Each structure stands twice: as structure tokens, then as C-alpha cells.
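In the numbering used here, the protein residues as written are 19 to 572. Some notes on the structure that comes next.
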Amino acid sequence: MDGIMGMRKVASNCSLADVDDLDLARLLDKPKLNIERQRSFDDRSLSELSINIRAVDGFDSMYSPGGIRSGFGTPASSARNSFEPHPMVAEAWEALRRSLVYFRGQPVGTIAAVDHASEEVLNYDQVFVRDFVPSALAFLINGEPEIVKNFLLKTLLLQGWEKRVDRFKLGEGVMPASFKVLHDPLRKVDTVIADFGESAIGRVAPVDSGFWWIILLRAYTKSTGDLSLAETPECQKGMRLILALCLSEGFDTFPTLLCADGCSMIDRRMGIYGYPIEIQALFFMALRCALAMLKHDAEGKEFIERIVKRLHALSYHMRNYFWLDFQQLNVIYRYKTEEYSHTAVNKFNVIPDSIPEWVFDFMPTRGGYFIGNVSPARMDFRWFALGNCFAILSSLATPEQSMAIMDLIEARWDELVGEMPLKITYPAIEGHEWRIVTGCDPKNTRWSYHNGGSWPVLLWMLTAACIKTGRPQIARRAIEVAEVRLLKDGWPEYYDGTLGRYVGKQARKFQTWSIAGYLVAKMMLEDPSHLGMISLEEDKAMKPLMKRSSSWTC
19 MDGIMGMRKV
29 ASNCSLADVD
39 DLDLARLLDK
49 PKLNIERQRS
59 FDDRSLSELS
69 INIRAVDGFD
79 SMYSPGGIRS
89 GFGTPASSAR
99 NSFEPHPMVA
109 EAWEALRRSL
119 VYFRGQPVGT
129 IAAVDHASEE
139 VLNYDQVFVR
149 DFVPSALAFL
159 INGEPEIVKN
169 FLLKTLLLQG
179 WEKRVDRFKL
189 GEGVMPASFK
199 VLHDPLRKVD
209 TVIADFGESA
219 IGRVAPVDSG
229 FWWIILLRAY
239 TKSTGDLSLA
249 ETPECQKGMR
259 LILALCLSEG
269 FDTFPTLLCA
279 DGCSMIDRRM
289 GIYGYPIEIQ
299 ALFFMALRCA
309 LAMLKHDAEG
319 KEFIERIVKR
329 LHALSYHMRN
339 YFWLDFQQLN
349 VIYRYKTEEY
359 SHTAVNKFNV
369 IPDSIPEWVF
379 DFMPTRGGYF
389 IGNVSPARMD
399 FRWFALGNCF
409 AILSSLATPE
419 QSMAIMDLIE
429 ARWDELVGEM
439 PLKITYPAIE
449 GHEWRIVTGC
459 DPKNTRWSYH
469 NGGSWPVLLW
479 MLTAACIKTG
489 RPQIARRAIE
499 VAEVRLLKDG
509 WPEYYDGTLG
519 RYVGKQARKF
529 QTWSIAGYLV
539 AKMMLEDPSH
549 LGMISLEEDK
559 AMKPLMKRSS
569 SWTC
């Protein structure tokens, strides 16, 4: 189509659709490697990487025994977990399949929402990278990996397009936020258009898309046992291009990634600029996944070494400076300011008077969480669900911190779960602060959308985190809460209100990731072996000594 920014230039005698179709077919036709005797990527220890870093015990096995059809209603699965499949499950699968998008007859993703009642389609008819992840996990668990493979390859081809916003060219490794397939029935041609941020609200590139792509590639590999896709030159290059963007050296004094507002699931202005926990947790997860999949060849060796160094620095930084519990809150409350030396305790010069009043009542005696953001003279004390769940799944959080996050969720159930799991952020910002932080955003009013709204898609992340920490009863309780209304309300995108009681004022119905998130949560709870697709065990070599100055004691 003419006028679409970011299109790749192709020869005039060959349509864009033809080129993409040929490329996709070429990648799909690559012969599979004999993987029977190959060691898992995750089994490689750092000592095998020939770099001067302490060896780790090794990653978990790459092949997930749960990567076969889940088998709802089978006597074994029902007896093992003591619950029968809910009637919602069948309806959820039907709704999920209605959202499938095809390119040249091959399924390549799922659209964001199939809400025929909505007058404005906007971009909800597109395949979003982040939105497709729970759909992909559902299909992998159900023994249908081909759609996931097609999606990974299609988005990989889109990564190679030239990306421009006005007169500025984006980095080569940027993955699209979304893409759309246009069908021309007369010419019998399918065409793909992609959005790399040039059409997004605020024109912000999606920092998280590349991370989700790497995480999903590992999930596919671990579920199927097929190492051949990740080992193709195209996938290896795709990973390296993404890593090149986020491992480049600049003026940063922190190992965390500096980001603009609206660069992730929270894709509108919500005061998450700086070093948001969501991006840091996904960054950490993607680095560990890439470390497991990169080949130890001339091109991969440099990235492997850089990843290992960054992981050590990032885990230390996050576990020390982003972590908040009752004791640490008391420490910050007693901070001295204007310290100048290497021995400074208040390293970011945070003013204690800037601590919001709500956090003192919100913080239980037992429990804790990773706060939203840490930067010079600024700490965002808000709770962000995705970042904390993925801190657990990636083992960015220590086992003790992971259990503390679960303790917090239990202790603050009404605030974070309420009548519909799960609050994307807590608490909502309102009044003068809302006007300043959001720019008077009419969609992000208090307790709505990204500003304290409740998002059913987060149910799968919560369930995975609960299983990993040995607290499945929390997930079961949350799922039971969701089942009361989710289907009856038409699978909304989000809910509003302090308890998540009301369907969101602008929420789309039949939101695909609400549907898929529920399915993944149910299937993981039925067969926890599926957790291995999306979870990494703690790397002993990255466990820092959590030493604090004696002056920190209260």
C-alpha cells in the first residue's frame, strides 16, 4: 500500500506480499536438525562459555514435558488437581480461534479484539506482539505450535524492514508493536503493514516487543523440543539485533534500561519514564533466554559475554535498589540527604518527604515488592503487576523476595485482586497529580485502564508466579474470582473501580488476551509442568551478597 511508513523497498515486479510469502516459506521449509542427542541450550553452564565468570549449576532442561495437548477432563488430570474443567473453557477456545489471523492461508497470529459491537476499530484489528504471547502459550500447551512458529518468523521478517518516523530512522533491531494483514479478494493477494511506533499514540517505539519475541522463541523451543528454529541464522541474527539495541554503551551509570513513557503494556503517558520495573523485568528475562539460545560462535560469543556481565550488574541493582519491604521502607524514611561520597547510603538522593502517605499503610509487616521506578531523586512506589510477576518468573527476584511478593498479594488481596484480578498498577493517581502525570488523559482517569484498572490478562502471569513459588492456592482463588463474571461480561479488556467491579468505560469486549490469559492460567494450574516454558530457575552465579552498611539498621 502506498504511503505506509516503514515499508521495505522491493522490486517493482514483485509485490511485498510475494516477497514476504517467499521468505516465510523458505524459513518454514528449513530442514529440522536432529535434536535427539543435542544438549539443551539451558543445560549450558557459563563455564562452557570460555569467559572469566563463575560457572553456574546450569539451566533447566530445554524440553518441557508439558508441551503436548493438555487433555482437559482426562481422569488423570482431574484427579491430580481435584477440579473439573469449567464450562468457560470450551467457550474460551471457540472465541480464541475466532481471533486467528491468516496470511496466505497460514495462521500468523490473533487480533487484539473481536468486538463487533464497537463502533471504533482503531488498531484492535491488528496482531500485537505483546498481546499474542498468551495466545501463543495457549496454543503451545494445547499441542498446536505451528501458529507460534509462523508468528515468530513473520515478525522476524518485519524486523528487517526500514523503519522511519518522519525523517528519523529507527534502530535495525526494533520489533513492530503490531501488524495487520490486508486481504485483496480481487487480486488474491495478502499484504502486511506494520506499526513500529510511527502510528502509535505518542509515537513511541515498543521497547518490550523485542523482549517478548525472545521470550516466546524460548517458550516455543522449550515446549516443542525443536532447537532448529532458534538455531537458524535468521533467528540468531534477530536476537543479536535486539540485544545490540539494549546492550549498547552510552552515558548510563545504571545497568537498567532508560525508557520513554508509553513504551510497553502501559502505552500511554503514566509517569513510567526512566527505568520502569516492567521493562527491567522483561529485559532480564530476555537476556537469560537469549543466553540460553545464542550459538557459541564468532558472532554469538561477544554477545554472550556482554549478557553475562549485564545480568550480574542488573540483578544486583534491582535486588538492592528497587526492592521495598517494611524494613527497607523504614530505612528510606530515615534517609539523610545530600550525601557525597562512595559510602553514601542514600545513593539516589531521595528526599524522605517524597514518600507518599499511602505506602505506609499499604506495606504489610510480612511482604514486599519491586517498586515501579528508581532514578536520581525519584522513587515511584507504585505496585506494577507485570514487573513483579516477571521478576519471579525470570528469577530476578530471589526466592525470599518471590515469597514476599506472594505474601503481599495475600495481605492486600482486596486492593490488588478485589472482584477481578489483577490491578495493573496500585494505587491510582488522581487530582492534581493525575493532571500533571497523564496530561489530563481522559482514558486513564482514576481506577480505570492503566491507572489502577484491573486486567484479566494478568491472571496467567499471576498463576505462573504462584505455581513457581509453591502457592497454587492463590492462583486458584484468583481464577475462581474471575470465573464469576469474565464470560458473562463478554471477556472485557479491563475493569474499572477500586475493586474492579465495573466493566471498563472504554474496554473492548472479546479481548483476545483476556480470553487466552484465562486459558493459560487454567491449563497451567491443571498441569504445572507447562510452567517451564515461561519460567527460569535461579542462577546461583548471579546471587549477590546482600550486604548493607551498618548505618542502614533502624
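A virtual CB, placed ideally from N, CA and C, is assigned to each residue, including glycine. It should be emphasised that the depicted structure is a prediction, and the values quoted were computed from it without experimental measurement.
Asked                                                                                                    : Found
Close Cβ partners of D13 (< 6 Å) along its chain, the five nearest in sequence each way excluded         : The displayed coordinates of the chain run from 19 to 572. Any statement about residue 13 would go beyond what the structure contains.
Buried/exposed call for E418, threshold 16 Cβ in 10 Å                                                    : exposed
Simplified DSSP assignment, three categories, for P273                                                   : coil
Given P125 as reference, the closest of A310, F169 and S420 once Cα atoms are compared                   : F169
Continuous alpha helix (DSSP H) assignments of at least 4 residues falling wholly in the segment 315-342 : 316-335
Selected residue, minimal CA-CA separation from V502, among P445, G449, A482 and P439                    : P439
Inter-stretch contact (C-beta, 8 Å, three-pair minimum) for the segment 191-199 and the segment 165-182  : yes
N406 - containing alpha helix (DSSP H), residue span                                                     : A403 to L411
Near the ligand NAP: L537 beta-carbon under 8 Å from a heavy atom                                        : No copy of the ligand NAP appears in this structure; indeed no ligand is present at all.
Host alpha helix (DSSP H) of I454 (start-end)                                                            : G449 to T456
Cβ pair V222, A278 closer than 9 Å                                                                       : yes
Cβ distance (whole Å) where L309 is taken to contact Q177 below 8 Å                                      : The pair is not a contact, with the Cβ atoms about 20 Å apart (cut-off 8 Å).
Buried/exposed call for S553, threshold 16 Cβ in 10 Å                                                    : buried
Cβ shell of L549 (< 7 Å), same chain only, five flanking positions each side left out                    : A482, I485, K486 and M542
Classification of R116 by the beta-carbon crowding that lies within 10 angstroms, buried from 16 upward  : exposed
Short CB-CB distance (under 9 Å) between P203 and chain D                                                : Among the chains of the structure shown, chain D does not appear; only one protein chain is present.
Helix, strand or coil at N462 according to DSSP, with G and I counted as helix                           : coil
Where the alpha helix (DSSP H) through I165 begins and ends                                              : E164 to Q177
DSSP bridge partner residues for Q124 (one or two, in chain order)                                       : F121
Cα-Cα separation between K327 and V225, rounded to whole angstroms                                       : 21 Å
Rounded C-alpha distance that separates P474 from P103                                                   : 19 Å
Cα-Cα separation, Y387 to S466                                                                           : 22 Å
C-alpha distance - S359 paired with N338, whole-angstrom precision                                       : 18 Å
Distance CB(K365)-CB(E375) smaller than 9 Å                                                              : no
Integer-rounded CB distance, given that T128 should sit under 8 Å from L140                              : L140 to T128, Cβ: 17 Å. No contact.
Reference M479; option with closest CA among E451, L329, A299 and G220                                   : A299
Segment contact, 8 Å Cβ cut-off, at least three pairs: the segment 415-433 with the segment 261-271      : no
Candidates R185, L204 and G318: closest to A216 by CA position                                           : Checking the displayed sequence, the identity of residue 216 turns out to be Glu instead of Ala. Closest by alpha carbon: R185.
Range of the contiguous beta strand (DSSP E) that encloses Y536                                          : Taken as a continuous stretch (DSSP letters only), Y536 belongs to no beta strand (DSSP E), being part of the alpha helix (DSSP H) at T530 to E544.
Proximity below 9 Å, CB of A110 to CB of L537                                                            : yes
Exposed unless 16 or more other CB atoms sit within 10 angstroms - verdict on I211                       : buried
Residue environment, R205, which counts as buried when at least 16 other CB atoms sit within 10 Å        : exposed
Beta bridge counterpart(s) of D202 as assigned by DSSP                                                   : V207
CA-to-CA distance, G228 to I297, given in whole angstroms                                                : 11 Å
Close beta carbons around L411, own chain, < 8 Å, minus the five adjacent residues each side             : M303, M479, A482, A483, K486, I552, S553 and L554
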